[in-house]
Amino acid sequence: MNNQQKTYLHKFWDEIRQAGDILRNQEPPEPSEDAFFLFEKTGNRLVYETIYFARRKYLTIFGILSEFGKNDADIEALNQIIVSICKERFWALPAHVDFSHPDEKTIDLFAAETAQSLAEILLIMGDRLPHETVALAQAEIMNRVLTPFCTSAFPYSWWETDRCNWSAVCAGSIGIAAIAMDKMGKLPAAWREPCIRRVCDALSCYLDGMEQDGTCTEGLGYFSYGMSYFTAFAELLYQETNGAVNLMAQPVCKELAAFQAKCYFGNGISLSFSDSDCHEHFLPGLTAYLVHCFPDAGTPDYASARTFEDDACYRWLTNERTIRWLIQYGGEDTNRVGERSSLLPCAQWMIWKNKDGNGFAAKGGHNDENHNHNDVGHFLCAWQGELLLTDLGAGEYTKDYFHEGRYDILCNRSLGHSVPLINDCEQCAGSAYRADDFSWDDEKGQLTISFAGAYPEGCIDKLIRVIATESANTKMALSVTDSFLASEQTTKITENLITPFQPEIVQGADGIQVFIKGENGSCIITASALWHSPEQIRILPREHFMHDGTKTTVYLIQWELSVKPRQKTECCINILCKFN
């Protein structure tokens with residue numbers, strides 16, 4: 002390990018040890034049926050999930066302390082939480098259960114993770130746990146997960162053939178659990194090879210869902226999630242087959258390994274497209290293993306490394322591998338945040354950064370991506386560790402978030418992104434609604450996106466956005482030029498920008514400006530002499546529920562463009578970022 006990794010690991014271990022000192026004297030919360038069935042009644046997920054993940058916190062903390070510390074009190078606490086989890090009525094979360102048959106065995110992300118966690122802990126602990134606890138946990142792992150999967154007709158569920166994080170997490174967990182149970186002599190011999198084949202097939206589906214340029218369109222957080230379980234199983238299978246089966250040798254894995262470093266700007270800010278977060282924390286253990294496999298992958302700045310408490314789900318695998326993989330695979334630092342630009346042509350993402358890690362990102366793509374937001378043509382502006390023009394990322398996960406009401410939620414609809422409205426219409430959901438051109442001119446340093454096709458048919462004939470940038474030591478300037486060709490149906494064009502900071506309309510020396518002041522820096526926005534009076538600009542506050550359920554206020558900046566059918570209209574938005 003290098004010094005940075007050693008320092009991080011020391012703090013990470015100390016965080017777990019201190020949490021264990023607290024939890025050792027507390028009882029874990031008990032899950033209630035009222036909390037579980039609340040989701041069916043109201044769509045609320047947070048009440049039950051808070052209890053569920055608090056219990057997994059006990060399992061992870063005392064599992065890690067028992068593995069690496071070997072204290073008798075920790076082993077007893079681990080024993081108690083294992084027994085308690087085995088007695089839970091449900092291992093799956095309510096959002097994933099068929100409430101018409103709630104007691105049918107459901108293998109969702111979290112049931113699979115629970116089986117994997119318990120199986121691996123049992124194998125690691127050996128005879129240090131009571132025989133009756135081991136027998137109980139083994140029976141529950143088989144009854145709830147491995148038997149339903151191994152005896153099912155293919156596919157067990159939609160996720161076995163899907164191209165998203167579910168296929169990696171569920172299949173990877175099942176594969177690890179199956180191998181662990183086999184080592185303990187509890188998996189029927191005839192089940193092992195068919196189970197492993199199905200797991201590998203599901204993981205191939207997962208990789209098929211990644212773009213060939215390495216982009217995880219679900220977002221940076223889901224990259225860490227899915228790749229953790231894919232990689233953990235890949236490592237185990239490589240070891241089990243003495244190197245004969247190497248899932249990491251597939252070409253897209255090298256591109257995937259390099260993806261996350263591209264998504265970090267300076268000062269701890271990250272790209273928040275799709276259901277991600279602007280302060281996403283990377284997993285140092287996963288990253289160390291990926292760099293071990295692919296030395297050019299790159300490592301984000303350790304200021305953005307995930308602490309134990311950053312993981313609201315307290316997953317055993319990702320936290321245990323943070324320790325194990327840093328010990329085994331830690332090495333030279335390969336920080337890559339300062340890369341100047343990254344074009345991801347398959348996903349149609351562009352990420353531009355100056356030497357200080359400030360910059361912009363923009364996307365084309367289409368409106369049926371995994372964890373889709375209607376955001377074709379959208380861009381964000383990162384300056385001094387803040388998104389002055391933002392992407393809201395993931396909102397609070399409720400029932401509506403993944404059903405019919407998804408595009409009524411601000412962070413998912415195009416209104417919650419920096420893209421125009423046409424005839425007061427937003428972009429449409431569906432793979433047909435997409436960009437038809439996305440190109441970067443490296444010599445000119447400018448990006449061109451053509452995305453009229455993201456809007457209802459016929460409302461606009463052409464919409465081309467050109468983003469160019471230049472940077473000095475204390476300033477960064479973006480110019481965003483939107484060119485519209487109106488159709489016969491076009492009656493109204495509204496520019497729309499989004500920021501988390503309350504904007505102010507000011508009369509500057511060069512005319513009317515919109516001023517956005519963050520904690521660390523600010524920007525001034527002007528619009529090509531279109532603003533003749535402050536009344537032309539609307540500042541619209543909107544409520545946004547963040548992923549953790551916290552309510553915040555964000556702001557839309559809107560103004561109208563003059564438009565005539567079959568004529569061209571152009572608007573140049575100039576954004577000058579500077580220190581406060």
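For what it's worth, this note's numbering labels the leading residue of the sequence shown as 2, then goes sequentially. Even glycine gets a Cβ: it sits at the ideal position worked out from N, Cα and C.
query                                                                                                                                                             : result
When you compare only the Cα positions, how much space is there between Ile-173 and Ser-229?                                                                      : Inspection of the sequence shows that residue 173 is occupied by Gly rather than by Ile. Taking the straight line joining both Cα atoms gives about 9 Å.
Taking the C-alpha atoms as reference points, what is the distance between Gln-261 and Leu-47?                                                                    : 28 Å
Which runs of the beta strand (DSSP E) spanning at least 3 residues fall entirely within the segment 150–236, listed in chain order?                              : none
Classify Thr-51 as helix, strand or coil using the three-state DSSP reduction.                                                                                    : helix
Which two residues bound the contiguous beta strand (DSSP E) that contains Met-477?                                                                               : 476–486
For Cys-87, which of Asp-35, Ile-122, Glu-41, Ile-142 has the nearest alpha-carbon?                                                                               : Ile-142
Three-state secondary structure (DSSP) at Trp-14?                                                                                                                 : helix
Could you compute how far the alpha carbon of Phe-439 sits from the alpha carbon of Ile-450?                                                                      : 5 Å
Which one or two residues does DSSP pair with Gly-512 in a beta bridge?                                                                                           : Gly-509
Does the segment 415–433 come within contact of the segment 362–372, defined as at least 3 CB pairs closer than 8 Å?                                              : yes
Can the beta-carbon of Arg-199 be found less than 8 Å from the beta-carbon of Asp-183?                                                                            : no
Name the DSSP beta bridge partners of Met-126, please?                                                                                                            : For Met-126, which the question treats as bridged, DSSP gives no partner whatsoever.
Starting from the Cα of Asp-99, find the closest Cα among Ser-158, Thr-61, Ser-118 and give me that residue.                                                      : Ser-158
For Trp-317, which option in Phe-580, Tyr-59, Gln-5, Cys-151 has the closest C-alpha, if you only look at C-alpha atoms?                                          : Tyr-59
Since I believe Gly-446 is in contact with Ala-469 (beta carbons under 8 Å), could you give me their beta-carbon distance rounded to a whole number of angstroms? : 6 Å
DSSP three-state call for Glu-544: helix, strand or coil?                                                                                                         : strand
For Glu-161, count neighbouring Cβ atoms within 10 angstroms of its own Cβ and tell me buried if that reaches 16, exposed if not.                                 : buried
In its own chain, which residues sit with a C-beta less than 6 Å from the C-beta of Arg-407, not counting the 5 before and 5 after it?                            : Asn-413
Exposed or buried, what is Pro-542 when buried is set at 16 or more other beta-carbons lying within 10 Å of its beta-carbon?                                      : exposed
Could you check how far apart the C-beta atoms of Ala-112 and Ala-136 are, in whole angstroms? I think they sit under 8 Å.                                        : Wrong, their Cβ atoms sit about 20 Å apart, outside the cutoff.
Phe-266 and Ala-383 - do their beta-carbons sit closer together than 8 Å?                                                                                         : yes
Give the secondary structure of Ala-120 by DSSP, where H, G and I count as helix, E and B as strand, and everything else as coil.                                 : helix
Indicate the three-state DSSP secondary structure (helix, strand or coil) for Glu-370 in the structure shown.                                                     : coil
Asp-376: which of Phe-295, Cys-429, Ala-78, Arg-567 sits nearest, CA to CA?                                                                                       : Cys-429
Kindly give me the distance between the Cβ atoms of Ser-419 and Ile-461, rounded to whole angstroms, as I take these residues to be in contact under 8 Å.         : At roughly 17 Å, the Cβ-Cβ gap does not stay under 8 Å, so Ser-419 and Ile-461 are not in contact.
For the alpha helix (DSSP H) that contains Asn-80, what are its first and last residues?                                                                          : 73–87
Here's the rule I'm using: 16 or more other beta-carbon atoms within 10 Å means buried, otherwise exposed. How should Thr-553 be labelled?                        : exposed
From the DSSP output, in three-state form, read off Ile-558 for me.                                                                                               : strand
Let me check understanding here. Comparing Cα to Cα, which of His-379, Asp-437, Asn-268, Asp-425 lies closest to Gly-358?                                         : Asn-268
For my contact list, Phe-485 and Ile-494 are in at a C-beta cut-off of 8 Å; report their separation, rounded to the angstrom.                                     : 6 Å
State yes or no: is the C-beta of Gln-213 within less than 8 Å of the C-beta of Glu-256?                                                                          : yes
With respect to the alpha helix (DSSP H) encompassing Phe-439, which residues constitute its N-terminal and C-terminal limits?                                    : Counting along the chain, Phe-439 falls outside any alpha helix (DSSP H), though it belongs to the beta strand (DSSP E) covering 438–442.
Cα-Cα, which of Gln-385, Asp-163, His-374 is closest to Lys-356?                                                                                                  : Gln-385
Name the residue from Phe-309, Phe-37, Thr-43, Lys-42 whose alpha carbon lies nearest to the alpha carbon of Glu-50.                                              : Phe-37
Closer than 7 Å by C-beta to Gly-417: which residues in its own chain qualify, once you throw out the five before and the five after it? Chain order, please.     : Leu-393, Leu-411, Ile-499
Cβ of Ile-538 within 8 Å of Cβ of Ile-558?                                                                                                                        : yes
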